[in-house]
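Numbering-wise (the working numbering), the sequence shown opens with residue 2 and increments by one.
Idealized CB from N, CA, C, for every residue including glycine.
Given the structure is predicted, the values throughout are model-derived calculations rather than measurements.
Below: the structure, in structure tokens.
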Amino acid sequence: MTDFLLDNLNPAQLRAVTAPAGQTLVLAGPGSGKTRVLTRRLAYLIERMSVPAYDIIAVTFTNKAAREMENRVVTLAQRSLDGIWLGTFHAMCARILRREADALPFSSNFVIFDSADQETLVKRAMHDLHIDDKIHRPAGIHSSISSAKNDLLRPSDMPRGSYREEVVVKVYTRYQELLTSNNAVDFDDLLMCATQLLQQNPSISEKYAHRFQHVLVDEFQDTNIAQYELLRHLGAYHKNVFVVGDEDQSIYRWRGADYRNVLRFEKDYPKCDKILLEQNYRSTQTVLDAARQVIDRNRNRTPKHLFTERGAGNKIVQYVATDDVAEAAYVVDTIQQYLATRKAVADDFAVMYRTNAQSRVIEEGFMHANLPYRLIGAQKFYGRKEVKDMICFLRLVENPSDEVSLLRVVSVPPRGIGDKTISALQSAAAIAGVSTGEVLLDLGKNGDASPYWSQIGRSVVPVADFGAMLVEWQEAKEKTSIAALFDRIVHDTGYEEYVKEQSDANNDRWENVLELRRLAYDFQEKGMTEFLQNLALVSDQDTIPDAGETPDDGKVKGAVTLLTLHAAKGLEYNQVFIIGLDEGILPHSRSRDDPEEMAEERRLLYVGMTRAKNQLYLLRAERRSNFGSWEYSEASRFLADISEDLVTNQGRRNATRRDAREDDFRWSTTGVTRKVTQSVAPSFKEPKFKPGMKVRKPDRADWGEGIVLDSKVESDGEETVEIHFSSIGLKRLLASLANLEILN
2 MTDFLLDNLN
12 PAQLRAVTAP
22 AGQTLVLAGP
32 GSGKTRVLTR
42 RLAYLIERMS
52 VPAYDIIAVT
62 FTNKAAREME
72 NRVVTLAQRS
82 LDGIWLGTFH
92 AMCARILRRE
102 ADALPFSSNF
112 VIFDSADQET
122 LVKRAMHDLH
132 IDDKIHRPAG
142 IHSSISSAKN
152 DLLRPSDMPR
162 GSYREEVVVK
172 VYTRYQELLT
182 SNNAVDFDDL
192 LMCATQLLQQ
202 NPSISEKYAH
212 RFQHVLVDEF
222 QDTNIAQYEL
232 LRHLGAYHKN
242 VFVVGDEDQS
252 IYRWRGADYR
262 NVLRFEKDYP
272 KCDKILLEQN
282 YRSTQTVLDA
292 ARQVIDRNRN
302 RTPKHLFTER
312 GAGNKIVQYV
322 ATDDVAEAAY
332 VVDTIQQYLA
342 TRKAVADDFA
352 VMYRTNAQSR
362 VIEEGFMHAN
372 LPYRLIGAQK
382 FYGRKEVKDM
392 ICFLRLVENP
402 SDEVSLLRVV
412 SVPPRGIGDK
422 TISALQSAAA
432 IAGVSTGEVL
442 LDLGKNGDAS
452 PYWSQIGRSV
462 VPVADFGAML
472 VEWQEAKEKT
482 SIAALFDRIV
492 HDTGYEEYVK
502 EQSDANNDRW
512 ENVLELRRLA
522 YDFQEKGMTE
532 FLQNLALVSD
542 QDTIPDAGET
552 PDDGKVKGAV
562 TLLTLHAAKG
572 LEYNQVFIIG
582 LDEGILPHSR
592 SRDDPEEMAE
602 ERRLLYVGMT
612 RAKNQLYLLR
622 AERRSNFGSW
632 EYSEASRFLA
642 DISEDLVTNQ
652 GRRNATRRDA
662 REDDFRWSTT
672 GVTRKVTQSV
682 APSFKEPKFK
692 PGMKVRKPDR
702 ADWGEGIVLD
712 SKVESDGEET
722 VEIHFSSIGL
732 KRLLASLANL
742 EILN
């Protein structure tokens with residue numbers, strides 16, 4: 002008799018799906034059927050172990066993964082999952098915080114600030130503290146605050162030994178005050194506040210620990226300290242914790258992920274059942290063997306011997322180009338040949354790179370050849386001005402204390418409210434000890450009878466008019482659907498006319514507004530709070546289309562995918578090109594003095610290599626253009642780890658391979674150097690770009706003018722420039738690749 006739950010599982014998968022209650026650590030290699038195991042395990046708990054869905058919490062890292070899991074489990078179990086907690090870490094934490102708001106310094110209708118809102122608030126905090134944002138980059142300060150929160154550190158817990166640390170603590174403190182006054186939290190607060198809520202309130206912690214008989218976690222290697230502590234509390238009573246991950250695929254260290262949580266799990270649960278999924282269903286054996294040779298150099302990991310029944314397949318192509326233009330030309334020519342012979346379609350191909358700056362030359366090659374491509378990591382739908390405007394209107398209706406949203410839309414479309422009027426509005430609020438939104442609502446309700454009327458100045462009428470609209474929208478919110486409220490806001494503000502006046506002939510921007518409205522319509526039954534929360538918690542990975550799908554701009558179907566290695570996690574393509582396998586690019590120059598960073602670079606390449614199903618290309622260039630001159634590079638040390646029998650060398654054959662292995666590099670205070678028979682003095686140079694310089698990127702006119710905030714020359718001579726562009730904000734670029742033009 003067919004067993005739909007256990008059919009088509011290999012022995013290791015079957016062992017994982019049917020594991021007894023307790024602690025289970027599943028180390029799932031790339032392409033090993035991780036999602037199948039997790040969904041079958043969830044269905045198995047409900048169908049065979051008679052665990053009510055209500056007693057289960059299953060945590061993922063993306064909404065996309067959560068939806069996929071739910072759909073599969075419903076199909077397998079042939080029943081609804083009423084009562085189950087299934088979603089991302091951030092969504093689960095938001096749910097806990099809204100339920101337990103009485104124990105928190107904010108109310109249950111708090112809003113979640115996205116990255117742009119957070120940067121705005123950090124700048125506001127620095128302004129309040131008279132801290133120069135040209136000396137201390139807001140993005141850098143915010144990164145330090147984010148790291149502290151991921152480690153569960155409040156301002157009072159942080160070191161203050163240096164001047165910069167003192168600045169970070171001061172800004173962190175003021176930043177949190179501003180969040181509270183806005184009745185808002187940021188992404189990191191969701192995790193930190195929920196975890197510390199459970200740590201500091203035994204009764205609340207016990208309630209959730211008793212509730213959830215089984216805790217399941219996907220992508221466990223990407224958890225940070227806060228997430229790990231949260232899981233320990235949730236699983237503290239029943240101790241049935243089932244985690245799936247792979248420390249070899251942990252590539253988000255820069256945002257707090259700690260692969261060592263896998264080791265911590267084994268230490269905290271010494272009797273856990275450890276299961277390795279080593280059979281790969283995606284790649285050829287040649288790709289798997291080469292990837293294993295790269296990753297085996299890392300320490301603090303469980304060795305895995307990935308195998309497949311797909312056969313050896315084609316050898317890996319290692320191509321050395323004379324320069325970066327020739328590197329791009331090889332990619333374009335190879336793809337064109339396949340398309341011309343109809344042996345492949347555009348969706349079969351992906352081009353991956355270490356940094357976004359590398360995409361420029363590739364994009365130029367595709368445009369010149371008229372090849373369709375989709376660029377993952379371009380401006381995201383929810384970050385577009387017209388979409389963010391409408392989200393802020395809705396957020397303000399939901400939470401009038403949200404000053405960030407208020408300040409964004411109070412003059413959208415323009416209604417005669419300038420900076421002086423806004424300052425007067427904020428001053429009136431500060432004197433009264435209330436939020437700016439409360440002043441606005443009072444003006445809207447009471448007009449010239451409001452105690453604030455005389456404090457605002459000559460522009461008080463348009464301020465009061467906007468406040469009156471906000472009052473009406475709040476009343477409408479209680480009586481109508483989100484979509485109807487959306488339409489009301491568009492009508493009252495004249496937003497459609499405003500957008501169309503600024504759009505080109507095809508009205509793309511207005512189409513984006515309509516797309517957001519369609520999404521609002523889908524949330525008719527769930528309500529405003531969940532709608533706004535869903536928008537705030539959309540991750541980068543959620544916005545990446547699968548092959549054959551249309552990206553959110555609706556323009557490109559059937560296209561080659563261009564993306565960073567970080568964005569490639571979880572994806573697969575028939576043919577994969579990884580470019581820039583040069584020392585200083587992959588591995589990145591910043592990793593040279595830090596063994597942990599170097600190990601992360603290895604994991605990053607490993608992830609990229611294992612995206613390939615049938616053919617893998619590893620490319621490098623002997624030199625790269627840099628402001629009219631050439632910078633010569635050395636082959637990435639990672640190429641030397643791959644045995645000759647797995648590769649076919651093309652291009653400049655004599656430069657493709659090296660005799661040196663990683664052991665031929667030594668750690669030094671100035672970077673990694675090769676052992677050579679003749680010592681060469683290191684060359685140092687002054688940064689070409691100085692703080693305060695105005696620059697532009699001719700090939701990306703849409704970025705606007707930029708101001709250099711910082712520039713650093715690495716030990717290998719590579720200059721890294723941090724620039725704030727007027728249209729897109731902060732960018733960190735490699736000067737040799739960025740093609741920047743100095744304006745002053």
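Along the length of the segment 371-454, whole beta strand (DSSP E) runs at least 3 residues long occupy 374-376, reported in chain order. The alpha carbon of A477 has as its nearest neighbour, out of F524, S424, E399, the alpha carbon of E399.
From the listed residues A469, L564, P415, the smallest Cα separation to Q503 is found for P415. With fewer than 16 other beta carbons inside 10 angstroms of its own, D703 counts as exposed. Within the segment 240-294, the complete beta strand (DSSP E) segments at least 3 residues long are 242-246, 274-278, listed from N- to C-terminus. Excluding its 5 nearest sequence neighbours in each direction, Y176 has C-beta neighbours in its own chain below 7 Å: L122, V123, A126, I146, listed in chain order. In the DSSP secondary-structure assignment, N650 is bridged to Q319. It is roughly 14 Å from the alpha-carbon of T342 to the alpha-carbon of V333.
Boundaries cannot be given for W704, as no beta strand (DSSP E) includes it and DSSP labels it neither H nor E. About 24 Å separates the beta carbon of H137 from that of V186, a gap too long to meet the 8 Å contact definition. With a cutoff of 8 Å on beta-carbon distance, T196 and E220 are scored as not near each other. Per DSSP, K124 has no beta-bridge partner at all. Excluding its 5 nearest sequence neighbours in each direction, D325 has C-beta neighbours in its own chain below 7 Å: V362, A622, R625, S626, listed in chain order.
In the displayed model, Y618 falls within a strand according to three-state DSSP. The Cβ atoms of G32 and Y282 lie closer than 8 Å to each other. Residue pairing of Q576 in beta bridges, as defined by DSSP: F350, Q616. Within the same chain, P401, G468, L471, V472 come within 7 Å of L442 by CB-CB distance, once the 5 residues on both sides are set aside. The alpha-carbon of N650 is positioned some 10 Å away from that of L619. Under the three-state reduction of DSSP output, T562 falls in the strand class. With 16 or more other Cβ atoms from the protein chains shown falling within 10 Å of its own Cβ, N225 counts as buried. A345 sits away from Y331, with the two beta carbons spaced by 8 Å or more.
According to the DSSP assignment, T721 belongs to the beta strand (DSSP E) that extends over 720-726.
By the beta-carbon neighbour count (other beta carbons within 10 angstroms, threshold 16), F5 is exposed.
Linking R80 to E706 through their CA atoms gives a straight-line distance of about 56 Å. Around the beta carbon of G434, a 10 Å sphere encloses fewer than 16 other beta carbons of the protein chains shown; the residue is thus reported as exposed. According to DSSP, I57 shares a beta bridge with H215. Here DSSP, grouped into helix, strand and coil, assigns V500 to helix. Per the DSSP secondary-structure output, V112 pairs in a beta bridge with A185. A distance of 8 Å or more separates the beta carbons of V696 and S712. Beta bridge pairing from DSSP links W511 with no other residue. The bridge partners DSSP lists for S712 are V722. Distance check between L180 and each of I580, F107, D152 places F107 closest, using alpha-carbon atoms only.
Inclusion of Y574 and F367 in the CB contact set at 8 Å is not warranted, their separation being larger than that value.
If you draw a 10 Å sphere on the C-beta of H589, you find 16 or more other C-beta atoms in it, and that means buried. Boundaries of the alpha helix (DSSP H) around R41: 35-48. Note: V27 is bridge-paired with V245, I276 in the DSSP secondary-structure output.
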